[in-house]
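Working notes, structure below.
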Amino acid sequence: MTELVSETAAVLTELVNETAAASQWSRNSSPAWDDLSQVPYPGLRVSLPWWEVCLNINIYSSIINVYVCLVCRYVVWRNKKLQTPTNFYIVNLAVSDLMVTCFCSWVHLVDSLSEGWVLGAFFCKFNSFSQVLALVSTILTLTLIACDRFFGVVFAMKARLTVRRANVYITCIWICSLVISSPLLVFRQQITRDWLDHREIWCADTWPVVVTRDPVTHALSVTRPSCTAYYTFVSVVLYFLPVVVMTGAYSIIVFKMKYTRIPGEHVAADARTQDTIKKKKIVVMLVTILSTFTVCWLPYQVAILYTTHRPNINTKLPVWYQHYQFFAVVMAHANSAVNPIIYTGFSDNFKKGARAILGFDKIQTYNGTLQKPTRLDGSNLQISFR
20 MTELVSETAA
30 VLTELVNETA
40 AASQWSRNSS
50 PAWDDLSQVP
60 YPGLRVSLPW
70 WEVCLNINIY
80 SSIINVYVCL
90 VCRYVVWRNK
100 KLQTPTNFYI
110 VNLAVSDLMV
120 TCFCSWVHLV
130 DSLSEGWVLG
140 AFFCKFNSFS
150 QVLALVSTIL
160 TLTLIACDRF
170 FGVVFAMKAR
180 LTVRRANVYI
190 TCIWICSLVI
200 SSPLLVFRQQ
210 ITRDWLDHRE
220 IWCADTWPVV
230 VTRDPVTHAL
240 SVTRPSCTAY
250 YTFVSVVLYF
260 LPVVVMTGAY
270 SIIVFKMKYT
280 RIPGEHVAAD
290 ARTQDTIKKK
300 KIVVMLVTIL
310 STFTVCWLPY
320 QVAILYTTHR
330 PNINTKLPVW
340 YQHYQFFAVV
350 MAHANSAVNP
360 IIYTGFSDNF
370 KKGARAILGF
380 DKIQTYNGTL
390 QKPTRLDGSN
400 LQISFR
């Protein structure tokens with residue numbers, strides 16, 4: 020027993036007494052156990068090349084995301100006819116994406132450009148918590164939108180989802196998101212380590228560490244099973260499973276629309292043409308939604324699975340991983356800016372509503388409905404997402 024404790028202490032000490040590469044690894048694992056106040060700091064100070072800073076599209080995506088999300092919420096709020104279950108889901112998606120913009124994207128930019136963690140212990144917890152919170156709510160909302168459209172197309176004659184039930188589902192989404200993201204409030208901490216000439220501060224997960232001994236080779240292995248289980252659950256259940264569900268739902272929707280004809284034996288040619296154009300537009304939108312979501316989040320999920328399923332956490336990460344992680348986070352955050360544009364940009368009427376809000380077109384309100392002034396031919400242009 021004494022031998023095992025000694026070897027365990029030796030392994031833990033070795034984890035924090037490495038060179039510059041090991042110091043970078045330690046920011047992603049666990050705190051120091053030894054007093055290093057008399058040892059010079061072995062790490063390399065952060066110095067990003069100008070091209071990497073320029074390629075960080077978080078600033079541009081944040082501007083676009085904030086504008087589109089606010090316009091989306093304003094249009095639905097002003098127009099009572101747009102207060103439908105699907106549009107409530109879109110607004111909920113916009114709120115989730117806005118959370119990523121306000122609490123996550125700029126934090127990644129600051130952390131990339133600064134030496135160590137500079138935003139404090141509270142924001143260390145809140146940043147990761149809000150990121151997972153927004154991620155879970157976004158994915159669940161996307162899945163609910165796919166299911167809602169699936170039942171609306173495949174079972175068109177059945178009772179549709181009501182606004183009240185949609186609000187209940189949205190409430191359940193946020194409750195589930197809070198529960199799933201809550202462990203990060205406990206196991207995400209700011210860690211400080213004093214060197215001779217530098218105070219090293221970083222934000223990292225502090226999940227319980229389990230040290231096991233191989234009965235054959237007597238080698239010690241350091242693992243974090245609870246951390247591995249948590250991030251595997253988040254990756255599989257909140258990425259791969261929703262992608263499979265949405266792919267199946269949208270595939271059936273496309274198949275149903277392709278082989279469903281307009282009822283009646285005599286249908287005007289113009290009606291058939293308009294129906295075909297509408298179907299193609301819907302198909303393009305659905306494919307764009309699923310493709311963008313899958314492409315943007317795939318690198319991030321690969322990074323999660325790679326770091327959590329390493330055989331031993333005391334092995335340092337490769338040099339290329341830091342650059343790959345930067346790319347993966349940027350791609351994931353960019354999806355939050357693209358989502359509102361996809362869901363609303365395919366609607367010509369919504370574009371006109373956005374122009375009206377910006378003051379390019381005059382807009383009036385009648386009985387809670389956003390409308391353009393009546394034309395000479397007596398027709399009105401109403402703003403709609405669809």
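Just so we're aligned, residue 20 is where the sequence shown starts under this note's numbering, counting upward by one.
Here a beta-carbon is modelled for each residue, glycine too, at the ideal position from N, C-alpha and C.
A quick note: this is a predicted structure, and the numbers were derived from the prediction, not measured.
Determine the direct distance from the alpha carbon of residue j to that of residue i, and round the result to whole angstroms.
i    : j    : result
H237 : S245 : 23 Å
Y439 : I158 : This structure cannot settle anything about residue 439, because the visible part of the chain is limited to 20 through 405.
V187 : I199 : 18 Å
T231 : G267 : 42 Å
V338 : T307 : 34 Å
A197 : V173 : The displayed chain sequence assigns Leu, not Ala, to residue 197. Straight-line Cα distance between these residues: approximately 32 Å.
A223 : Q150 : 14 Å
T162 : P261 : 6 Å
Y108 : I189 : 7 Å
K335 : H342 : 15 Å
I323 : S254 : 7 Å
G364 : T326 : 37 Å
F148 : D216 : 32 Å
P227 : C143 : 18 Å
V204 : N106 : According to the sequence as given, residue 204 is Leu; it is not Val. Going by the C-alpha atoms only, they are around 32 Å apart.
V321 : H352 : 15 Å
F122 : Q208 : 17 Å
Y269 : A356 : 22 Å
F312 : V235 : 45 Å
P202 : C195 : 13 Å
Y340 : N333 : 15 Å
V348 : V119 : 11 Å
Q102 : L239 : 59 Å
F274 : A113 : 29 Å
V170 : F141 : Strictly speaking, residue 170 in this sequence is Phe, with Val absent from that position. F170 and F141: Cα-Cα distance of roughly 43 Å.
G139 : K300 : 47 Å
S133 : Y250 : 27 Å
L117 : H328 : 31 Å
C191 : P330 : 37 Å
V229 : F206 : 15 Å
Count the other CB atoms, across all protein chains shown, that sit within 10 Å of the CB of residue i; report buried if there are 16 or more and exposed otherwise.
i    : result
D233 : exposed
F252 : exposed
A409 : As displayed, the chain neither begins before 20 nor continues past 405, which places residue 409 out of reach and without an answer.
T242 : buried
W136 : buried
Y278 : exposed
S310 : exposed
V129 : exposed
V256 : exposed
W52  : Because W52 carries a pLDDT of 45, less than 50, the predicted location of this residue cannot be relied on, and the following value inherits that uncertainty. Exposed: under 16 other Cβ atoms inside 10 Å.
Taking C-beta to C-beta, are residue i and residue j nearer than 8 Å?
i    : j    : result
S124 : A153 : no
R184 : I272 : no
I220 : M304 : no
W316 : N354 : yes
V264 : A165 : yes
R218 : T211 : yes
T181 : P104 : yes
S131 : F346 : no
N146 : V126 : yes
S156 : W193 : yes
M276 : Y319 : no
Using 7 Å as the cut-off, classify the Cβ of residue i as near or not near the heavy atoms of the ligand ZN, replying yes or no.
i    : result
I220 : The model on display carries no ligand, and the ligand ZN is accordingly not part of it.
Using 8 Å as the limit for Cβ to Cβ distance, is residue i near chain D?
i    : result
G171 : Of the chains in the structure shown, none is chain D; there is only one protein chain.
Ignoring anything shorter than 4 residues or poking outside the segment 206-265, list the alpha helix (DSSP H) runs there in chain order. The qualifying runs are 244-254.
Every unbroken alpha helix (DSSP H) inside the segment 121-146 [4 residues or more]: Considered as a whole, the segment 121-146 harbours 125-132 as its complete alpha helix (DSSP H) runs of no fewer than 4 residues, in chain order.
Unbroken stretches of the beta strand (DSSP E), 3 residues or longer, contained in the segment 305-345: Every candidate beta strand (DSSP E) stretch fails here, since none sits fully inside the segment 305-345 while reaching 3 residues.
Going along the chain, which unbroken runs of the alpha helix (DSSP H) with 4 or more residues stay wholly within the segment 163-204? Every alpha helix (DSSP H) of 4 residues or more that sits fully in the segment 163-204 is shown, in chain order, as 182-200.
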